[in-house]
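Numbering (our numbering), first residue to last: 331 to 500.
A virtual CB, placed ideally from N, CA and C, is assigned to each residue, including glycine.
Below you'll find the structure, written out as structure tokens, and then a few comments.
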């Protein structure tokens, strides 16, 4: 009879299995931590569209005149009260939101770019009748062409388009 030998160390197969598992875990960690910048921008555009839809419903259901006000670095929802536009209170959904650094926003009304630095510009009205100010919003990174377009028409229909699927201005 042969005496049983004790093996010390790992086999090549065991080492390969561990390396494959480490590779999988690291790739999942990198994807979830860093993420794709384009995908994050798309999520922001889609979130904005859904928030505008919710604000439209809020305006119609409560009979309020609301607006979304765009700033160079983000946006906020407002309500009209005694001829003044005030921040929309009462819901964390409609709080002021800021874009990540490096995000470029352009808003157009009637094909003309809106100066977001001016106090009373950059506002899209959401009326209690369900109508809204027609607009086009372009979102991308500085020094690059826009990646996404969010547009709204007079009857309140919103459309999100990818720059690769639409003919967008640079």
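With contact defined as three or more Cβ pairs closer than 8 Å, the stretch 468-484 and the stretch 425-435 are in contact. The straight-line gap separating the alpha-carbon atoms of residue 438 and residue 465 is approximately 6 Å.
Shown here for residue 440: same chain residues with a beta carbon closer than 8 Å to its own, the five before and five after excluded, namely 464 in chain order. Within the stretch 369-449, complete beta strand (DSSP E) segments of at least 3 residues are found at 396-401, 404-411, 414-417, 433-439, given in chain order. Annotation: the continuous beta strand (DSSP E) that includes residue 468 extends over 465-471. Contact annotation: the stretch 372-382 touches the stretch 475-493, with at least three C-beta pairs closer than 8 Å.
In this structure, the CA atom of residue 456 is about 32 Å from the CA atom of residue 366. Taking each of 397, 338, 375, 495 in turn and checking the Cα distance to residue 453, the smallest one comes out for 397. Nearest to residue 401 by C-alpha distance, out of 446, 419, 392, is 446. Under the three-state reduction of DSSP, residue 344 is assigned to helix.
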